[in-house]
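Residues in the sequence shown are numbered consecutively from 407, following the working numbering. Glycine included, C-beta positions come from ideal geometry on N, C-alpha and C.
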Amino acid sequence: MRTTKDIQDEIMRLKKEKDFCILVHAYQAHSIVEIADFTGDSYGLSVQASKVPNKNVIMCGVRFMAETVKVLSPDKTVYLANPNAGCPMADQIDIPILKGLQEKYPGYETVAYINTSTELKTICDTIVTSSSADKIIGNIENDKILFVPDPNLGGWIAKRHPNKDFKFFQGGCPTHMRITKDEVDEAKSAHPDALFLVHPECRAEVVELADYVGSTTGIMDYAKKSDAKEFIIGTEASIVEHLQYECPDKMFYPLSVGLICHNMKMTTLVDVLNTMNGTGGEEITLSDDVIKGAKKSIDRMIALGG
Ligand code: 13P
Ligand code: SF4
407 MRTTKDIQDE
417 IMRLKKEKDF
427 CILVHAYQAH
437 SIVEIADFTG
447 DSYGLSVQAS
457 KVPNKNVIMC
467 GVRFMAETVK
477 VLSPDKTVYL
487 ANPNAGCPMA
497 DQIDIPILKG
507 LQEKYPGYET
517 VAYINTSTEL
527 KTICDTIVTS
537 SSADKIIGNI
547 ENDKILFVPD
557 PNLGGWIAKR
567 HPNKDFKFFQ
577 GGCPTHMRIT
587 KDEVDEAKSA
597 HPDALFLVHP
607 ECRAEVVELA
617 DYVGSTTGIM
627 DYAKKSDAKE
637 FIIGTEASIV
647 EHLQYECPDK
657 MFYPLSVGLI
667 CHNMKMTTLV
677 DVLNTMNGTG
687 GEEITLSDDV
697 IKGAKKSIDR
707 MIALGG
């Protein structure tokens, strides 16, 4: 039987032989993080995507992430390691719905979370991620913001920019939205000395109880640098696993057993190997018009967030 190590070694060999770069979102399994050229949050992955030196790129994450790589590096051959991995939040809003909101709120700047389809991005002004939204909204001159599709991230940002008028679409991440205030209370009484770190995709009543609010990378950096020894992690379970590897002297507790993104968990190490061997994965193709249209709003994110 092949072991995890056998497959990882084969992937490392093929990376050099076939000139592959492997980009890995922080919600992937630790065995996949170990073979990554870059692991990070959605903003970090986008910045990396625009400067990849390799001919071929594999995204281990969900579909909109692979499409963002293609938009930023259209001359590269870009693959999504598991073609079934999508983001349910990205499917919540389409072009007709957004056009309806834009007609309802004329004069508002359309700011979309990166967790949206590439087609939708063609009619947005600016894209944001959880780690860049605060800075980007601060850099936007327009004080009227139409924020889609996540009202939890949008509401958290709106509180930090009280001078701006926000309108929201009522979408959201099914994984993070499941978390309740009662679960936070339970976790805090089970671990009274632990700091509570949370992702802004959680509901406001959950985010309000946090010691730190940030992206996946933000949460990991905070835990690594903190003098505290115990942490309740209010985001997808894989972050608990990565932190256990990186900080053996600290304790990490998942906020809830429900904090699993099943789409992020679809990709396996063997999917990555099969993609490299041409027997798996999906090559991302987008029309020139979609690439051109989406690139404007994604470039604006990188310019305003950098
Ligand atoms: P970040 O890694 O940017 O925090 O995003 C979290 C997420 O839910 C990605 O789908
Ligand atoms: Fe989408 Fe939520 Fe999964 Fe991220 S965690 S990919 S936002 S469903």
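(message) Rounding to the nearest angstrom, what Cα-Cα distance links Gln508 and Tyr433 in this structure?
(response) Distance between the alpha carbons of Gln508 and Tyr433 is about 32 Å.
(message) Just to confirm, is the Cβ distance from Gly640 to His605 under 8 Å?
(response) Contact: yes.
(request) Closer than 6 Å by C-beta to Arg725: which residues in its own chain qualify, once you throw out the five before and the five after it? Chain order, please. (result) It is not possible to answer for residue 725, since the shown part of the chain is limited to 407 through 712.
(message) Within a Cβ cutoff of 7 Å, which residues of the same chain sit near Val453, ignoring the five residues on either side of it in sequence?
(response) Correct list, in chain order: Ile708.
(message) Using 8 Å as the cut-off, can you tell me whether the region 574-589 makes contact with the region 601-618, which would need three or more C-beta pairs spanning the two stretches below that distance?
(response) Touching, yes, given that three or more Cβ pairs across the two stretches are closer than 8 Å.
(request) Would you mind sorting Thr685 into buried or exposed? The rule is 16 or more other CB atoms within 10 Å of its CB. (result) Classification of Thr685: exposed, given that the 10 Å Cβ count is below 16.
(message) Please report the distance separating the alpha-carbon of Leu552 from that of Arg469.
(response) If you take the alpha carbons of Leu552 and Arg469, they lie about 24 Å apart.
(request) State the CB to CB distance for the pair Phe602 and Ile499, rounded to an integer number of angstroms; the pair is presumed to be in contact (CB under 8 Å). (result) Phe602 to Ile499, Cβ: 30 Å. No contact.
(request) Kindly identify the DSSP beta-bridge partner or partners of Lys573. (result) Under DSSP, the beta-bridge partners assigned to Lys573 are Leu552.
(message) Tell me the rounded alpha-carbon separation between Lys461 and Glu688.
(response) Roughly 16 Å between the two C-alpha positions.
(message) Extract the residue ranges of the alpha helix (DSSP H) inside the region 479-562, only unbroken runs of 4 or more that lie entirely within it.
(response) Restricted to the region 479-562, the alpha helix (DSSP H) segments that are unbroken, complete and at least 4 residues in length are 501-510, 524-527 and 539-545, listed in chain order.
(request) Let me know if Asn569 comes out buried or exposed under the rule of 16 or more other beta-carbons within 10 Å of its beta-carbon. (result) Classification of Asn569: exposed, given that the 10 Å Cβ count is below 16.
(message) I need the straight-line Cα distance from Thr376 to Lys510, nearest angstrom please.
(response) There is simply no residue 376 to check, as the chain begins at 407 and stops at 712 in what is shown.
(request) Go ahead and pull the three-state DSSP assignment for Met465. (result) It is a strand residue.
(message) Given the structure, does Asn683 come close to the ligand 13P, in the sense that its CB is under 7 Å from one of the ligand's heavy atoms?
(response) False, no ligand heavy atom lies under 7 Å from that Cβ.
(request) Using the beta-carbon of each residue, find all residues closer than 7 Å to any heavy atom of the ligand SF4 and list them in chain order. (result) Taken from the N-terminal end onward, the list reads Tyr433, Val468, Cys493, Pro494, Met495, Ala496, Asn521, Cys579, Pro580, Thr581, His582, Glu607, Glu642, Cys667, Asn669 and Met670.
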